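First the structure, in the form of structure tokens, and then the observations on it.
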Amino acid sequence: MLTFAFRKLLTLVGTMIGIAALTFLITNVAPGDPARLVAGPNATEDMVATIRTEYGLDKSLPEQFIVYMGELVRGDLGTSIVTTRPVLEEVMRYAPATLELVFVAMFLGIVIGVPLGMLSAVYKDGPLDQVTRIFSISGVAIPAFWFGILLQLMFSVDLEWLPVSGRLPLVTRPPEFVTGLLLVDSLIAGNFSTFWVSLQHIILPAIVLSFPCLASILRVNRAEMIEVLQSDYIVAARAHGISSFRIVALYALKNAMLPTLAMIGLRFGWMLGSTVLVETVFDWPGIGLYAVSSALSSDFKPVVGVTLMIGFFFIVANTLVDLAYAWIDPRLRKA
Amino acid sequence: MTALLDIKNYRLDIGTFDGPVHVLKGINLSVNRGDTLGIVGESGSGKTVLVRSVLGIGPRNSKVVEGSISFGGQDITNLPEKDWTKIRGIRISMIFQDPMTYLNPLFTIGRQISDVIAAHEKAAGAGVSSRAARRARTEELLDQVGLPNPSMLFSQYPHQLSGGMRQRILIAMALAGKPDILIADEPTTALDVTVQAQVLDLINSLVEKLNLTVIMISHDIGAIATVAKRCAVMYKGEIVEQGMTQDILNRPQHEYTQRLLAAVPDIDVEPERVAAQAADAKPAKRSNLLEAIDLKKVYRSQSGTDFTAVNSISLAVKTGEIFGVVGESGSGKSTLARMLMRLIEPTSGDIIFDGQNISGLSGEPLRQMRRHMQFVFQNPHSALNGRHTIGDAIGEPLRIQTNMSRRDIEARAEALLDIVQLPKMFKYRYPHELSGGQKQRVCIARAIALNPRLLILDEPTSALDISVQAQVLDFLQELRSELNLTYVFISHNLAVIRQICDHTIVMKRGEIVEQGDTEQIFLSPREEYTKALIESGRKTSQAANLQV
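Heads up: the sequence lines are chains A and B, in that order.
Numbered per my numbering, the first sequence spans residues 3 to 337.
Numbered per my numbering, the second sequence spans residues 142 to 689.
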């Protein structure tokens, strides 16, 4: 198991290098002269040339790549033109908000999707199955930004139950920074009113983000459960007198969880990407919103930084899924 | 004395899309305490449905039309699910056919058996005993079924064990509740010959030691004969004959039983082929169709240790002959067969088909070459895609390898169905609507669709019933002369090999132990291993057991 984990870790590093190379290439393939962009529209040729040397843009592409990778290894993602602060620092500042949103959304997706999928499989073609089918098809079909605005109109504007946007009201002082996740930090600080307020803020964006993910987890889990429930070892477990509940919730579910886990890993990456939309709609101060506002002001270092960050989280999540696979399935541990 | 289990005029229908199918047609059967009853019948005869009904796990959509099943005086015909918990697995328990698929792959052996124990204790209302107590009981059970080192087994997973060991574990699970009746559903079918004998011995010794009442169902009448004193023969949902096993074996009354007994291949009977060859004084000199030279396959595991599955095998298959490959499981037969077609890449060595070295081929030439050699797999149930119709399955090679139009392919598929003696209308059916024998015919039809010259048959009959096996073997021989085919025929069943193969190689641990003319090998084996193999084949041969 340890060597398995170690090997996975090596793959993680390899993939990370691949992502870095890809982002480097994309920024260099993109049209426009970065030096001219930095210098501004009124710059003279001399100023552009100076900036080009300063940023190392006059070197050959491989040389630039080596410099770039060197900077990455040292944790230097460059400097934002707009804020003139290091990109890494800014990404780290915004990342917890995004992660908090994604975690809550993923939590909803799993705790609702898995049991619903399981029940739909057990009561296949029954009323519940029909309802979840409609539910999951709409989940995949509805565009996130539209669904977000719909929820805002209903719960915030009409019913006034929940705040429209943001992470905390301006008047609320955020709890002391520990993890950066407000829900966790406020609990650590013992500040339940802040916890409650931040929960109210996160619930709508989390629902919007989790809806498609929940739908696909539900469908995959349902399909797998149906398959597994027909397998021989389930018949055998029934014949040996094991209770139906135990068969479904333990014997069958554990087997059905393998493909579901793969779906969860994929959906995690998808969610990180979707935060760009959802955070814009809900004015959520995470890396998605940061990337959008940077892109709008032609500030590309932060965009690359966010891309790398999302890539990193995605790979980590999928490495965890791989490890969970081996933890669940003893047959994979040897490989 | 009232019978422990009494089945009276039991009729069961299964609802299907096309209306009800009468699966059981008025079954009358009674079992007394201490009985050993065998139920023989081919697949589709309804024997599995019958015993599963006894356990209340009959197929979905099934409906009892008439009759009753009573157990220990209690009517259990339409017992509600909650009352079953006191019976199922505890008073009546079951051993299943395929130990590979009936154990949950994600839980340890110990966990699975202790769970069964816990479920039984819960059902008895006595409260679940401690983890340690259950572990002790589990290890005791494992010991009882003759498994070495129970404490180590406790924390192992199914995939770490052999088929024979897994079957013993299933038996241990079935014994966990000290059952009144033990139902064994084809307990040896999926096992190797030598392991079969061991498992049957185990069941016999348990019957004696625990005074068990056993109902064993099998299509293998030889296996039934070694365990069951009484025997019932099922055919198309009816019991056509029942009585003492000895009487039925010696004086079968019903026409089906007679046919069944006649179909059992006998390792000691000289095949008709030999007489025919003797009559044909000058056997034609034949050329080699397929040659393998120094073929080798080494698997390297991630930890760096090498496993040689096939070690330097050279052979020559002559045009028009049936070339037999025999050996126990793990001897490398299937690896060899797959390498001959390059479904598995050989580590080294050459394969020469019709004078052309195909080991270096790739892409289009390899694809073209594959037209001439086709493969028939062991298990027809998994060799057909359940979501394709039979017509699609047979037409597939034609779609891939030829430019034939849809209509031509359809016509060819019909013609092929005709060749394998199945109705044309079968092309609209799906695999699950066919019996095992029919499916294997479909697989053969698919394999001959492109008029190949060589068929590689990997245990083509071992997943089939004996009577069906006999039909398929006859049919294969007919087909060979009709279409001018050459076969490489792989089997672990020596009787079958002797019956149909011209030339045979005996394999052990990836190497050829002995090869030569089949009759010569069977009549005067040179190697000790071959002698031992034939001897154990003779001992477990179905025919031999019939003369107990």
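Ideal placement from N, C-alpha and C gives every residue a C-beta, glycine not left out.
Computed from a predicted structure; not experimentally measured.
Check, Outcome
"Close beta carbons around lysine 649/B, own chain, < 7 Å, minus the five adjacent residues each side", "Gly468, Ser472, Tyr670"
"Expected contact under 8 Å - CB spacing of isoleucine 365/B and glycine 179/B to nearest Å", "3 Å"
"Nearest to valine 410/B (by Cα), restricted to the options Arg587/B, Gly156/B, Thr177/B, Ile638/B", "Ile638/B"
"Straight-line Cα distance separating glutamate 555/B from arginine 309/B", "45 Å"
"Boundaries of the beta strand (DSSP E) in which isoleucine 114/A is found, first to last residue", "Element bounds for isoleucine 114/A: not the beta strand (DSSP E) but the alpha helix (DSSP H), 89-124."
"Buried versus exposed, by CB contacts within 10 Å (16 or more), valine 689/B", "Confidence at valine 689/B is low in this model, with a pLDDT of 44, below 50, so the placement of that residue should be treated as unreliable; the coordinate-derived value is given next. By the 10 Å Cβ count, valine 689/B comes out exposed."
"CB contact below 8 Å: lysine 10/A versus chain B", "no"
"Cβ separation of serine 632/B and glutamate 600/B, assumed to be a contact under 8 Å, to the nearest whole Å", "6 Å"
"Residue-chain proximity (methionine 306/B, chain A), Cβ-Cβ < 8 Å", "no"
"Euclidean distance between Cα positions of asparagine 290/B and glutamate 280/B", "9 Å"
"For serine 295/A, the nearest candidate out of Arg9/A, Ala37/A, Tyr96/A (CA to CA)", "Tyr96/A"
"Helix, strand or coil at serine 209/B according to DSSP, with G and I counted as helix", "strand"
"Partner residues on chain A for leucine 436/B, Cβ-Cβ distance less than 8 Å", "Within 8 Å Cβ-Cβ: nothing; leucine 436/B doesn't reach chain A, min ~27 Å."
"Contact with chain A by threonine 279/B, beta-carbon distance below 8 Å", "no"
"Under 9 Å by beta carbon: chain A residues contacting proline 246/B", "Tyr235, Asn257, Asp331, Pro332, Arg333"
"C-alpha distance - glycine 230/B paired with serine 608/B, whole-angstrom precision", "32 Å"
"Sequence-distant residues of the same chain with beta carbon closer than 6 Å to arginine 512/B, five excluded per side", "Gln542, Leu591"
"Close-in-space but distant-in-sequence residues of the same chain around histidine 573/B (CB under 7 Å, 5 per side omitted)", "Gly527"
"C-beta atoms of valine 89/A and lysine 303/A nearer than 8 Å", "yes"
"Chain A residues whose Cβ lies nearer than 8 Å to that of arginine 479/B", "Simply none; closest approach about 21 Å."
"Contact set between the stretch 257-277 of chain B and chain A, restricted to residues whose Cβ is under 8 Å from the partner", "Val257, Ala260, His261, Lys263, Ala264"
"Tyrosine 253/A: contacting residues in chain B (beta-carbon distance under 7 Å)", "Asn245"
"Status (buried if at least 16 other CB within 10 Å, exposed otherwise) for alanine 552/B", "exposed"
"Euclidean distance between Cα positions of alanine 319/A and glycine 267/A", "6 Å"
"C-alpha distance - leucine 390/B paired with leucine 626/B, whole-angstrom precision", "37 Å"
"Residue-chain proximity (leucine 322/A, chain B), Cβ-Cβ < 8 Å", "no"
"Opening and closing residue of the beta strand (DSSP E) in which arginine 371/B lies", "371-376"
"Outcome for aspartate 147/B when other beta-carbon atoms lying within 10 angstroms are tallied against a minimum of 16", "buried"
"Close beta carbons around alanine 337/A, own chain, < 6 Å, minus the five adjacent residues each side", "Confidence at alanine 337/A is low in this model, with a pLDDT of 48, below 50, so its placement is unreliable and the value that follows should be read with caution. Here the set comprises nothing."
"Selection from Ala636/B, Leu481/B, Met241/B that minimises the alpha carbon distance to aspartate 495/B", "Leu481/B"
"Proximal chain B residues relative to arginine 240/A, where beta-carbon distance stays under 8 Å", "Ile198, Arg229"
"Validate contact between the stretch 59-78 of chain A and the stretch 11-28 of chain A using beta carbons, cut 8 Å, 3 pairs", "yes"
"Residues of its chain near alanine 293/A, where Cβ-Cβ distance is below 7 Å and the 5 sequence neighbours each way are ignored", "Val278, Pro304, Val305, Val308"
"Any alpha helix (DSSP H) of 4 or more consecutive residues that is wholly inside the stretch 511-586 of chain B", "521-524, 531-542, 547-560"
"Below-8 Å beta-carbon distance, serine 212/A vs any chain B residue", "no"
"C-alpha gap between leucine 311/B and methionine 357/B, whole angstroms", "15 Å"
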